[in-house]
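Final position of the sequence shown in my numbering is 487; the numbers increase by one with none missing.
Glycine residues also receive a C-beta, built at the ideal position from the N, C-alpha and C atoms.
Being a predicted model, the structure only gives us computed values, none of them experimental.
Data block below; observations after.
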Amino acid sequence: MENKSRKPVNRLAPYLILIFFILYYTAYIYNSSFICVDGKRYFCLFDDAMISMRYAYNLSNGDGLVWNVNGERVEGFTNLLWTLYMAVVSLLFDKSDACQFVQLTGIIFIVASSLICGKIYEYIFQKNYNELASLFIITSVLSCYPLVFWTLMGMEVGLLSMLLYLSILFTLKDDFKKFNHCLTISFIFMLLTRPDALIPVGVILLYRLWHSVKLNNKFVIYEMLAIGTVVLGVIVVRQIYYGEMFPNTYTLKVEGMPLEERIRNGIGYLIEDGFIKHISIIFLLSIIHISSEFSKEKFLLILLFLSGVFYQIWVGGDAFSYWRMLIPFVPLLFILCIEGIFFLSGHCMTLLKKSIKTAGFLYPGIPIVLCMLIIIYFNLPFGNDIISLRDTRIIGFTNKINVNRAIILNKYLKPDASIAVFYAGTIPYYTNFHAIDILGKSDKHVARLEPDLSGACAAKGMNSQPGHNKYDLNYSIIHKKPTYI
Numbered sequence: 003m004e005n006k007s008r009k010p011v012n013r014l015a016p017y018l019i020l021i022f023f024i025l026y027y028t029a030y031i032y033n034s035s036f037i038c039v040d041g042k043r044y045f046c047l048f049d050d051a052m053i054s055m056r057y058a059y060n061l062s063n064g065d066g067l068v069w070n071v072n073g074e075r076v077e078g079f080t081n082l083l084w085t086l087y088m089a090v091v092s093l094l095f096d097k098s099d100a101c102q103f104v105q106l107t108g109i110i111f112i113v114a115s116s117l118i119c120g121k122i123y124e125y126i127f128q129k130n131y132n133e134l135a136s137l138f139i140i141t142s143v144l145s146c147y148p149l150v151f152w153t154l155m156g157m158e159v160g161l162l163s164m165l166l167y168l169s170i171l172f173t174l175k176d177d178f179k180k181f182n183h184c185l186t187i188s189f190i191f192m193l194l195t196r197p198d199a200l201i202p203v204g205v206i207l208l209y210r211l212w213h214s215v216k217l218n219n220k221f222v223i224y225e226m227l228a229i230g231t232v233v234l235g236v237i238v239v240r241q242i243y244y245g246e247m248f249p250n251t252y253t254l255k256v257e258g259m260p261l262e263e264r265i266r267n268g269i270g271y272l273i274e275d276g277f278i279k280h281i282s283i284i285f286l287l288s289i290i291h292i293s294s295e296f297s298k299e300k301f302l303l304i305l306l307f308l309s310g311v312f313y314q315i316w317v318g319g320d321a322f323s324y325w326r327m328l329i330p331f332v333p334l335l336f337i338l339c340i341e342g343i344f345f346l347s348g349h350c351m352t353l354l355k356k357s358i359k360t361a362g363f364l365y366p367g368i369p370i371v372l373c374m375l376i377i378i379y380f381n382l383p384f385g386n387d388i389i390s391l392r393d394t395r396i397i398g399f400t401n402k403i404n405v406n407r408a409i410i411l412n413k414y415l416k417p418d419a420s421i422a423v424f425y426a427g428t429i430p431y432y433t434n435f436h437a438i439d440i441l442g443k444s445d446k447h448v449a450r451l452e453p454d455l456s457g458a459c460a461a462k463g464m465n466s467q468p469g470h471n472k473y474d475l476n477y478s479i480i481h482k483k484p485t486y487i
């Protein structure tokens, strides 16, 4: 059914919304900084992002893509492209300002992601296009707190999300008559950003392959070969440089973990950490909309979302809240859900007009209220953080404590000292000491240990947290003999 409510949105509205959120993000970044014991203000990312910053800093200083200078080469990161970008930033700024610049870059990725999602909606729903719905979709992405948090705290989530949405848009606009260079490049960038982007890339390629078979052309096969060549090239370079086919983080999180245990942990994480609860209504409305008006483009969005969910289950959950692996797929549901609200509201109003003369006045009020409620409901668990402009659940005061420790260690330890850390990012980054990673992201020995399945590492519905369930204190402390623990 064609949407009859095509009243143009105030042309200033999108710009005002963008300005508001950009100012909000800027304030959030500033509020994440702090004054330390030396009287200076420091910026600091999420600790896992600080691991990448340490690799990037060492690379920018000519010491190689390593965690420890003159140490064993270990790939303790899974975000190559993002780490290389951090290395460029580290060439231009000091340590604290480099972190701030990375955070500011995140604003660009969030804004770009929201606008691209608006374009995806515009392309899929050309017949029923509604400017108000498009505005709500843009707003839903801009206000998606987990996406905002992970992006502004320096993780590659924002970059990966933007590349995913670009890939979807390039696919939807493609006529399948020639090799799609832009799409292929975006796929390659996704895979260089995170190797597990192979999951959504694979889903989109299968969608394209189905189209190409119908049109009897081979361009998609060539795209697959180009992507496969790059992936193979990365594996070869990794084998030469690090002596491993897979990142050490993959070994740490997956090797030795029984599939049954991972699946049980993954499902437990989705339930206990609230993802299923807070996505269920949005998912249900999306399914209802697709069922009432099916199209292969809408089905692609649902498939991509489900692929993210299944992957999260397969890897066994995550050690942190806010669903960093899943959140790039959530805006795809927002697109379907918000359009579904406008579409179904239009149908209901058409039926009601036959019996209630004043029903026309209710539209577009009903979809506006419903869209606002959906956005609020999804972000409700993060209300305190949103209002206070500060994360209280994951980071809290940890960054400030760790930077203060680094400052004190720099003051009192000798240059040849070594430190053993559980937080493998912030303290090693803000010091230049040889570091020992107790939890094994940058330690091959620890990564190859059998995981602790006793329940001692249980949290968030998981019996054993991936990335935090392997350790050998005799090795890390007694054998390695750090100066400071």
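Residue i vs residue j beta-carbon contact at 8 Å
i, j, result
"Lys446", "Asn219", "no"
"Asn182", "Glu225", "yes"
"Phe48", "Gly156", "yes"
"Leu193", "Val232", "yes"
"Asn81", "Ser54", "yes"
"Glu77", "Arg240", "yes"
"Lys416", "Val317", "no"
"Tyr313", "Asp387", "no"
"Tyr477", "Leu411", "no"
"Cys46", "Thr428", "yes"
"Leu83", "Phe248", "no"
"Glu263", "Phe345", "no"
"Ile281", "Tyr379", "no"
Sequence-distant residues of the same chain with beta carbon closer than 6 Å to residue i, five excluded per side
i, result
"Gly310", "Leu328 and Phe331"
"Asn5", "With a pLDDT of only 47 at Asn5, under the threshold of 50, the placement of this residue in the model should not be trusted; the figure read from the coordinates follows. For Asn5, where only same-chain residues beyond five positions count, the Cβ hits under 6 Å are Asn130, Asn132 and Gly348."
"Tyr125", "Leu174"
"Ile340", "Ala135, Phe138, Ile139 and Cys373"
"Arg8", "Because Arg8 carries a pLDDT of 48, less than 50, the predicted location of this residue cannot be relied on, and no value is offered for it."
"Gly108", "Thr153, Leu154 and Gly160"
"Tyr431", "Met52, Met55 and Arg56"
"Gly442", "Leu254, Val448, Ala449 and Lys472"
"Leu272", "Ile278"
"Asn33", "Leu391 and Arg392"
"Ile201", "Ser309 and Tyr313"
"Tyr425", "Asp49 and Asn404"
"Gly258", "Glu452 and Pro453"
"Leu67", "Tyr57 and Leu61"
"Asp176", "Asn182"
"Arg158", "Note on identity: in this sequence residue 158 is Glu, with Arg being the wrong assignment. Only Asn81, Trp84 and Thr195 meet the Cβ criterion."
Nearest-angstrom beta carbon gap, residue j and residue i [assumed within contact, 8 Å]
i, j, result
"Pro484", "Ala422", "4 Å"
"Thr85", "Phe111", "Contact doesn't hold; Cβ gap of about 16 Å is too wide."
"Asn70", "Ala419", "With a Cβ gap of about 13 Å, Asn70 and Ala419 do not count as contacting."
"Leu165", "Ser188", "5 Å"
"Tyr324", "Phe151", "6 Å"
"Asp275", "Gly463", "6 Å"
"Tyr167", "Ser115", "6 Å"
"Ile31", "Leu106", "7 Å"
"Thr186", "Ile229", "7 Å"
"Phe322", "Ile396", "6 Å"
Residues that residue i bridges to, as DSSP identifies them
i, result
"His436", "Ser420"
"Tyr486", "Ile421"
"Phe36", "Tyr44"
"Met464", "Ala461"
Same chain, Cβ closer than 8 Å to residue i, neighbours up to 5 away in sequence not counted
i, result
"Cys38", "Tyr44, Lys402, Val405, Asn406 and Ile409"
"Leu338", "Leu287, Ser288, His291, Ile292, Lys300, Leu303 and Ile304"
"Ser214", "Phe178, Lys220, Phe221, Val222 and Ile223"
"Leu171", "Ile118, Lys121, Ile122 and Tyr125"
"Asp454", "Ser466, Asn471, Lys472 and Tyr473"
"Val1", "Look at the range of the chain in this structure, 3 to 487, and you will see that residue 1 is not part of it."
"Tyr147", "Tyr324, Asn381, Phe384, Asp387 and Ile388"
"Asn12", "none"
"Tyr244", "Arg75, Val76, Glu77 and Asn250"
"Tyr490", "Since the first and last residues shown for the chain are 3 and 487, residue 490 lies out of range."
Residue-chain proximity (residue i, chain D), Cβ-Cβ < 8 Å
i, result
"Ile479", "Absence of chain D from the displayed structure is noted, only one protein chain being present."
Neighbourhood of residue i by C-beta, 7 Å cutoff - its chain only, sequence neighbours within 5 removed
i, result
"Leu334", "Leu303, Leu306 and Phe307"
"Phe23", "Leu144"
"Gly342", "Leu287, Ser288, Ile290 and His291"
"Phe285", "Leu335"
"Phe95", "Phe103"
Next on the checklist: When you compare the stretch 137-145 with the stretch 59-79, are there three or more beta-carbon pairs, one atom per stretch, that lie closer than 8 Å?
Outcome noted: no
Checklist entry - Should the stretch 266-282 be regarded as contacting the stretch 86-105, the criterion being three or more beta carbon pairs within less than 8 Å? => result no
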